[in-house]
Every structure is written in C-alpha cells, then in structure tokens.
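Numbering (the working numbering), first residue to last: 13 to 212.
Backbone N, C-alpha and C define an ideal beta-carbon position, used for all residues, glycine too.
These numbers come from a predicted model, not from an experiment.
Notes for the one structure printed next.
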C-alpha cells in the first residue's frame with residue numbers, strides 16, 4: 013500500500029510539472045494547458061496565429077515543413093508580402109517571456125532535420141516572430157518516419173501572460189511595421205502608411 017501511494021504521488025508530481033517540459037517529449041501525452049499541437053505533413057505550412065495548416069509554403073504565414081529530399085527536411089520560416097516569420101533557437105522555453113522574445117537574434121534560416129536523426133528532434137525549442145509581428149514559443153514533439161512533424165506552440169501574449177499588443181510596445185511596433193511593409197510592397201494607401209509611421 014505504501015509503495016502504491018508513493019507511485020501515485022510521483023505520477024501526480026510529473027503531471028503538475030509538465031506544463032513547461034524539458035528534454036524529450038512524450039508524443040502520447042496531449043499538449044499542456046495553454047499550448048496547441050499540430051502535425052504537419054511534408055511540404056505543409058502553418059499560421060501560428062490561427063492554427064491553419066496549408067499545403068504550400070505560400071499559403072500559410074509562419075512555418076513551412078519543407079521536404080528537400082526523401083530523407084532531408086527543413087522547418088523554415090515562411091515569407092509573405094505582409095511580413096516574414098523569423099526563428100531563433102531557445103534552449104529554455106520556460107523562461108522565455110514576451111520582453112525577452114522581442115530582443116532575440118532572429119534569423120530567416122530554418123532548422124535542418126534528417127529522417128535517420130529524427131530521435132534527436134524531440135524537445136527542440138525555438139522562438140518565432142510571425143509575419144504579423146507577434147511572438148510564439150515552438151517546440152518539436154516528434155518527427156515521424158512517414159516524414160510528418162508534430163509541433164507544440166504557444167503565443168506568450170495576452171492569453172499566456174495577460175498582455176496583448178496594445179499594452180506591449182515591442183509587439184505593437186512590430187505589428188505596425190509589418191503593416192507598413194505590406195502597404196509599401198503593395199503600392200497602396202500612402203495615407204495609411206503615413207499614419208502608421210507616425211504611430212511607430
């Protein structure tokens with residue numbers, strides 16, 4: 013009886029501390045509270061704000077699971093006319109808040125993964141600055157032999173930390189700049205561009 017009670021307490025303890033996991037993840041468990049999960053087939057992309065998954069790098073906004081060959085893949089930021097998603101590796105996602113996310117050295121370079129190294133992918137963590145100028149924590153749950161990639165992500169903004177873009181100058185500035193770029197590239201609404209630049 014004593015050992016059964018100790019085992020039960022250990023299981024409960026693991027469950028309570030799993031919200032910010034470290035190391036390899038268990039694909040059989042669902043995402044922790046506040047996180048979302050998706051499985052991307054090869055050559056599909058995802059919009060992190062909406063969770064929409066599309067079958068093209070040009071259809072969704074933020075991340076593209078690019079199949080370079082039958083065995084070599086890249087989780088890459090998508091680039092669209094209204095902005096571009098950028099990525100930065102983050103060893104400790106638990107400590108990543110919105111303020112720190114705004115100062116990370118983001119890059120357009122993706123994460124290269126190979127089928128025979130797929131066990132090493134589990135638990136990889138990184139931050140994404142989305143095409144709309146928001147920030148997301150993203151981690152790899154698993155890479156399957158069928159070439160699909162399972163991710164978990166959370167937007168450390170209003171829902172996660174009680175702060176939205178309106179109360180966060182870094183987020184709001186990036187959103188406005190993304191809209192400026194969209195208007196300039198599209199050659200439309202010069203008056204709107206002037207208003208946005210005044211706000212930035």
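- Task: Inspect the CB distances between the stretch 149-162 and the stretch 97-114 and report whether three or more fall short of 8 Å.
- Result: yes
- Message: Which of the three DSSP states is assigned to residue 129 in this structure?
- Response: Taking the first residue of the chain shown as position 1, residue 129 is located at position 117. Looking at residue 129 - three-state DSSP - the assignment turns out to be helix.
- Integer-rounded CB distance, given that residue 140 should sit under 8 Å from residue 284: The structure shown does not extend to residue 284, since the chain is modelled only from 13 to 212, so the question has no answer here.
- Span of the beta strand (DSSP E) around residue 51: In the chain shown, residue 51 corresponds to position 39, counting from 1. Per DSSP, residue 51 belongs to the beta strand (DSSP E) from 48-52.
- Item | DSSP three-state assignment for residue 81, whether helix, strand or coil | Sequence index remark: in the chain shown, residue 81 carries index 69 (1-based). Coil at residue 81, not helix or strand.
- Item | Supposed contact pair residue 126 and residue 84 - C-beta distance, whole angstroms, cut 8 Å | The residue labelled residue 84 in the question sits at position 72 within the chain shown. The residue labelled residue 126 in the question sits at position 114 within the chain shown. Correct: roughly 5 Å between the Cβ atoms.
- Message: What would DSSP say about residue 162, mapped onto helix, strand or coil?
- Response: Counted from its first residue, the chain shown places residue 162 at position 150. Of the three classes helix, strand and coil, the one that applies to residue 162 here is strand, per DSSP.
- Query: Helix or strand or just coil, what does DSSP make of residue 148?
  - Reply: Counting from 1 along the chain shown, the entry for residue 148 is found at position 136. Residue 148 falls in the strand class under three-state DSSP.
- Query: Can you tell which of 48, 44, 52 has its C-alpha closest to the C-alpha of residue 161?
  - Reply: On the chain shown, residue 161 is found 149 positions in, with the first residue counted as 1. Looking at the Cα atoms, 52 is the closest of the given residues.
- Same chain only: Cβ atoms within 8 Å of residue 89, ignoring 5 sequence neighbours per side: The residue labelled residue 89 in the question sits at position 77 within the chain shown. Excluding residues within five positions, the ones whose Cβ falls inside 8 Å are 74, 75, 76, 96, 97, 98, 99, 120, 122, 140.
- Query: In terms of residue numbering, what span does the alpha helix (DSSP H) encompassing residue 106 cover?
  - Reply: Numbered from 1 along the chain shown, position 94 holds the residue referred to as residue 106. No alpha helix (DSSP H) holds residue 106; DSSP gives it neither H nor E.
- For residue 67, does the count of other Cβ atoms within 10 angstroms reach 16, so buried, or fall short, so exposed? Here residue 67 refers to the residue found at position 55 of the chain shown. Exposed, because fewer than 16 other Cβ atoms sit within 10 Å of the Cβ of residue 67.
- Task: Within 10 angstroms of the Cβ of residue 145, are there 16 or more other Cβ atoms? Answer buried if so, exposed if not.
- Result: By one-based count along the chain shown, residue 145 stands at place 133. Buried: at least 16 other Cβ atoms inside 10 Å.
- Message: In this structure, how does DSSP classify residue 64 when only helix, strand and coil are distinguished?
- Response: Position 52 of the chain shown holds residue 64. Residue 64 falls in the coil class under three-state DSSP.
- Query: Tell me which same chain residues have a C-beta within less than 8 Å of the C-beta of residue 206, skipping the five on either side of it?
  - Reply: Within the chain shown, numbered from 1, the residue matching residue 206 stands at position 194. Confidence at residue 206 is low in this model, with a pLDDT of 49, below 50, so its placement is unreliable and the value that follows should be read with caution. Hits under 8 Å: none found.
- Query: Is it the case that the Cβ atoms of residue 79 and residue 159 are separated by a distance below 8 Å?
  - Reply: Locating residue 79 in the chain shown gives position 67, counting from the first residue. Locating residue 159 in the chain shown gives position 147, counting from the first residue. Yes, Cβ-Cβ distance for residue 79 and residue 159 is below 8 Å.
- Close beta carbons around residue 36, own chain, < 7 Å, minus the five adjacent residues each side: By 1-based counting over the chain shown, the position of residue 36 is 24. Its pLDDT being 39, under 50, residue 36 is placed unreliably by the model, and the measurement read from it follows with that caveat. Cβ neighbours of residue 36 beyond the five flanking positions: 134, 135.
- Query: Quick one: does residue 43 have its CB under 8 Å from some CB of chain C?
  - Reply: Judged by its chain identifiers, the structure shown contains no chain C, having just a single protein chain.
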